[in-house]
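Q:
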Amino acid sequence: MAKQMTGAQMVVEALKDQGVDTVFGYPGGAVLPIYDAIFQQDAVKHVLVRHEQGAAHAAEGFARSTGKVGVLLVTSGPGATNAITGLTDALLDSIPLVCLTGQVPTHLIGSDAFQECDTVGITRHCTKHNYLVRSIEDLPRILHEAFYVARSGRPGPVVIDLPKDVQFASGTYQGPVNIQHKTYQPKLKGDMDRIREALAMMQKAKRPVLYTGGGIINSGPVASTLLRELVELTGFPITSTLMGLGAYPASGKNWLGMLGMHGTYEANHTMHDCDLMVCIGARFDDRITGRLDAFSPGSKKIHIDIDPSSINKNVKVDLPIVGDCAHVLEDMVRIWRAESMKADKEALASWWKQINHWRERKSLAFRTSKTTIKPQYAIQRLYELTKNRNCYITTEVGQHQMWAAQHYHFEEPNRWMTSGGLGTMGYGLPAAIGTQMAHPDALVVDIAGEASILMNMQEMSTAVQYRLPVKIFILNNEYMGMVRQWQELLHGGRYAESYSNSLPDFVKLAEAYGGHGIRCSDPADLDRAIMEMIDTPKPVIFDCLVEKEENCFPMIPSGKAHNEMLLAELGDDAGIEIGSVIDEKGKMLV
Amino acid sequence: MNDIAALSPYSSSIGKSKVESHTLSVLVDNEPGVLARVVGLFSGRGYNIESLTVAETAHAEHLSRITIVTTGTPEVVEQISHQLERIVPIHKVTDLSVSGKHMERELAMIKVCGRGENRNEALRLAEAFKAKVIDATIESFIFELTGQPRKIDDFVELMRPIGLVEVSRTGVAAITRGPQPM
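Chains as they are written, first to last, in the working numbering: chain Y, 118 to 707; chain D, 4 to 185.
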């Protein structure tokens, strides 16, 4: 159905046709025509953020919690550059976004016009793809193509740069029918012979492990269901990256907990000692592998990934299968069932015995205190008091993020929004806003640190404006905790600039924004205070004053292998002597 | 032109394979920015570019062909191919160095200045290398030479002592042998 309309109207029309009901954005001179078009309709709701970075993270939270493409709309120049961090975040974590940026009129491009920047040039490295729309004839195709590229294959952010004259120009709009991309057609089905080979390896394995990641979440809920079936059928132990939490339920009996730098003792040792590693939708990131030449030295490795460039990038694998997780898992589960395949039960039994021995180390245990709130305890209580609710968790970046990953247990996919690859402080609050927009009746909690939250604190105003009752649960230790921990480890405890000086009074700050503030420093009062937070029907800042110099354990120090983890020594207040654990080479790493 | 060692500390520990030269042929949509995407990938990920040529090869289909000579271990070169394939307007990436026999040619223009015996020697060598004289003055020649890059290197080295002034080279263009396209 071809209709005559302006470029700005086409943008709104395409959003509707792509099923977009929410856009996060901030107006400015170069996008005024689009704002005018949004003003004159009701189907697409616009959420006004307070900074464009917030728009990008809000769109990420929306996307991650729904599986849909998140959309943001920003103006030219500073509007676009402010969104860069969010776009890069989405690229590293494979989150589908479409970012509409205004641009100066085509005849002014290159003249250093007011609020001009080379948006496609700047975003080329931090998007999956980008477009500068030079004529109204190209606009409808590009709009629909952008959504296709953002959500297909390995998802990612796509920028459409829209010069103002193109927004005003009139042309013929085409709906998203028959959009067949001429070059970008990711392979979804895995190679059948390789899938059979993988199943044969799995039947023979004596010490197998499933290592899963965010690809399962991106592949949709059906992938999680299939993964659970595969675990059930094989009896294999399963661990996951930070991004993949919730794909397999934390209450499942085969769950080992998260792996990697702050993963559990049992997950990392299982990875190190396994004879078959089945990696599904993860990418052997450096947080996962630790020292590469000592990474799981005795294992055969199968890698299932939709992105061929992820295969053999960091770790050489024995059997790569390029395809979408859900498609490949579907084939695996179907064939395993149809051919009544059997795992080596006897070998598995002794493997599980070993794993349970590792589990007995209780690597996530910590010393509780009657006088100060331990950060891990705060997460535990938050979990216990929210687990039976319809709850979504976002985080900022740092110690609190790792404690949340360790102590908040996820049963479902799409419930956990965190900045994994880029590690963006300031992600959590806008992501919570995006999540709450998508799930108005859910309980959305941003587990935060007092330093991270200040990076996008301004979005509290957005939450208040749209009556989004997000809960900001700050583990306030008055330090950039992870920076402080690394300074303790690597730099002789010289805490350069990591003390959170001149903090605001978070309770008053909440009130100043029109939200509700709660402060708690007494472990005995914590449950009551958390319940007060949950029961308050508006945005809440919860200032939870926790133990100041608690370290996040377990930890694989930089440059060390999975079986060289540091564990918390429960008998010793100061933790363990870790200053000498990292060698010179390790110090060079991040 | 970054050194392989400039890659992340992780990638350097992938095997101990030897660094090789590979010629990649990349078919792309001829659209603004596509070359920047390719070049940006190489600089952003620390890959080497030894030479790069690009021109439209199919006008009606808006297709351009980029030929890149790169160096790296086989693992790194495989990674480069896969990373290139991720770029949306790229149709096809072929590593000609592994896909079979192929032809490589480069064109160079070489300016040589001199009088007397040097001038005669330059002409004699040009004849031996089948280089064409495309410009001449009383004290200079410009030679046009087509061939494999090594042949051009050799010719340039011979010209150096007898009055080499400057060289302009196109970089390598390459194509597979036999009846099949890439």
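Even for Gly, the Cβ is constructed at its ideal location relative to N, Cα and C.
Keep in mind the model is a prediction, meaning the values are calculated, not measured.
Look up G273(Y) in the DSSP assignment and say whether it is helix, strand or coil.
A: In the structure shown, G273(Y) sits in coil (DSSP, three-state: anything other than H, G, I, E or B).
Q: Around the C-beta of S11(D), are 16 or more other C-beta atoms found within 10 angstroms, so that it is buried, or is it exposed?
A: Note that S11(D) has pLDDT 41, beneath the 50 cutoff, so the model's placement of it is unreliable and the number below is only indicative. So S11(D) counts as exposed.
Q: Given that P92(D) touches chain Y, what residues does it touch there, using C-beta distances under 7 Å?
A: Within chain Y, the residues near P92(D) are T300.
Q: Among E686(Y), H679(Y), N680(Y) and I673(Y), which residue has its Cα nearest to the Cα of K704(Y)?
A: Among E686(Y), H679(Y), N680(Y) and I673(Y), the Cα nearest to that of K704(Y) belongs to I673(Y).
Q: Considering only C-alpha positions, which residue in the set I137(D), P152(D), S46(D) and H85(D) is nearest to F146(D)?
A: With distances taken between Cα atoms, F146(D) lies closest to I137(D).
Q: By Cβ distance below 6 Å, which residues in the same chain neighbour G307(Y) in space, the five residues on each side in sequence not counted?
A: Here the set comprises I438, G440 and V445.
Q: Identify the residues that DSSP records as bridge partners of A176(D): which are they?
A: According to DSSP, which records beta bridges pairwise, A176(D) is partnered with R108(D).
Q: Under the rule that 16 or more other beta-carbon atoms within 10 Å means buried, what is S457(Y), buried or exposed?
A: So S457(Y) counts as exposed.
Q: Can you name the start and end residues of the beta strand (DSSP E) that F156(Y) belongs to?
A: Run containing F156(Y): none in the beta strand (DSSP E); it sits in the alpha helix (DSSP H), L149 to F156.
Q: Measure from the C-beta of Q82(D) to each C-beta in chain Y and report whether the shortest distance is under 8 Å.
A: By this cut-off, Q82(D) is an interface position.
Q: Which runs of the beta strand (DSSP E) at least 3 residues long sit entirely within the segment 648-695 of chain Y? Give them in chain order.
A: Entirely contained in the segment 648-695 of chain Y, the beta strand (DSSP E) runs reaching 3 residues are, in chain order, 657-662.
Q: Compare the C-beta of R241(Y) with all C-beta atoms of chain D and state if any pair is closer than 8 Å.
A: Closer than 8 Å: yes.
Q: In chain D, what lies closer than 7 Å to V434(Y) by C-beta?
A: Going along chain D, no residue has its Cβ under 7 Å from V434(Y), so there is no contact; the nearest lies around 12 Å.
Q: Please confirm if the segment 327-342 of chain Y is in contact with the segment 524-540 of chain Y, defined as three or more CB-CB distances below 8 Å between the two stretches.
A: Result yes; three or more Cβ-Cβ pairs closer than 8 Å.
Q: Buried or exposed, going by whether 16 or more other CB atoms sit within 10 Å of the CB of T236(Y)?
A: Counting Cβ neighbours within 10 Å, T236(Y) comes out buried, since at least 16 surround it.
Q: Between P303(Y) and G273(Y), how many whole angstroms is the CB-CB distance? I'm expecting something under 8 Å.
A: In fact, because the Cβ distance is near 12 Å, the residues do not count as touching under 8 Å.
Q: Mark M108(Y) as exposed unless 16 or more other C-beta atoms lie within 10 angstroms of its C-beta, in which case mark it buried.
A: Any question about residue 108(Y) goes unanswered here, given that chain Y covers just 118 to 707.
Q: Locate the alpha helix (DSSP H) running through D403(Y), then write down its first and last residues.
A: Here the alpha helix (DSSP H) through D403(Y) covers D403 to T406.
Q: Can you find a CB in chain Y that lies within less than 8 Å of the CB of L47(D)?
A: Looking at the sequence itself, residue 47(D) is Gly, so the reference to Leu does not match. Yes, because at least one Cβ of chain Y sits closer than 8 Å to the Cβ of G47(D).
Q: Are the C-beta of E59(D) and some C-beta of chain Y separated by less than 8 Å?
A: So, not an interface residue.
Q: Identify the continuous beta strand (DSSP E) that holds A121(Y) and give its terminal residues.
A: Before going further, note that residue 121(Y) is Gln rather than Ala in the sequence given. It spans K120 to T123 - the beta strand (DSSP E) in which Q121(Y) sits, taken as one unbroken run.
Q: My guess is that E107(D) and T56(D) are in contact by the Cβ rule of under 8 Å, so how many angstroms apart are they, rounded?
A: With a Cβ gap of about 11 Å, E107(D) and T56(D) do not count as contacting.
Q: What three-state label does DSSP hand F623(Y) in the structure shown?
A: The answer is helix: DSSP assigns F623(Y) an H, G or I state.
Q: Can you name the start and end residues of the alpha helix (DSSP H) that G203(Y) belongs to?
A: First-last of the alpha helix (DSSP H) with G203(Y): P195 to L209.
Q: Nearest to E78(D) by alpha carbon, out of L167(D), V22(D), T179(D) and G166(D)?
A: When only C-alpha atoms are compared, the closest one is V22(D).
Q: On the DSSP bridge list, what partners appear for C243(Y)?
A: In the DSSP output, where bridge partners are listed per residue, C243(Y) has none listed.
Q: Mind checking who Q220(Y) pairs with in its DSSP beta bridge?
A: DSSP lists P280(Y) as partners of Q220(Y).
Q: At a Cβ cut of 8 Å, what residues of the segment 20-49 of chain D count as close to chain Y, listed as they run along the chain?
A: The residues in question are D32, P35, G36, A39, R40, G43 and G47.
Q: So, under 8 Å CB-CB, L165(Y) and T579(Y) are touching, yes? Tell me the CB distance rounded to an integer number of Å.
A: That pair is a contact at about 7 Å.
Q: Name the residue from K185(Y), Y152(Y), N199(Y) and S182(Y) whose alpha carbon lies nearest to the alpha carbon of G171(Y).
A: Of the candidates K185(Y), Y152(Y), N199(Y) and S182(Y), the one whose C-alpha sits nearest the C-alpha of G171(Y) is N199(Y).
Q: Is V275(Y) closer than 8 Å to T244(Y) when the C-beta atoms are compared?
A: In contact: T244(Y) and V275(Y) (Cβ atoms closer than 8 Å).
Q: I want to see whether chain Y comes within less than 8 Å of Q151(D), judged by CB atoms only; does it?
A: So, not an interface residue.
Q: Hey, could you find the ends of the alpha helix (DSSP H) K470(Y) is sitting in?
A: Unbroken alpha helix (DSSP H) run through K470(Y): K462 to R476.
Q: How many Å lie between I693(Y) and L683(Y) at the Cα?
A: With a pLDDT of 48 at I693(Y), under the threshold of 50, the predicted position of this residue should be treated as unreliable, and no value is reported.
Q: Just how far apart, CA to CA, sit Y525(Y) and L499(Y)?
A: Each residue's Cα considered, the two are about 8 Å apart.
Q: Using alpha carbons as the reference points, say which of H379(Y), L260(Y), K281(Y) and K321(Y) lies closest to P69(Y).
A: Lying before the first or after the last residue shown, residue 69(Y) is absent from chain Y, which here runs from 118 to 707.
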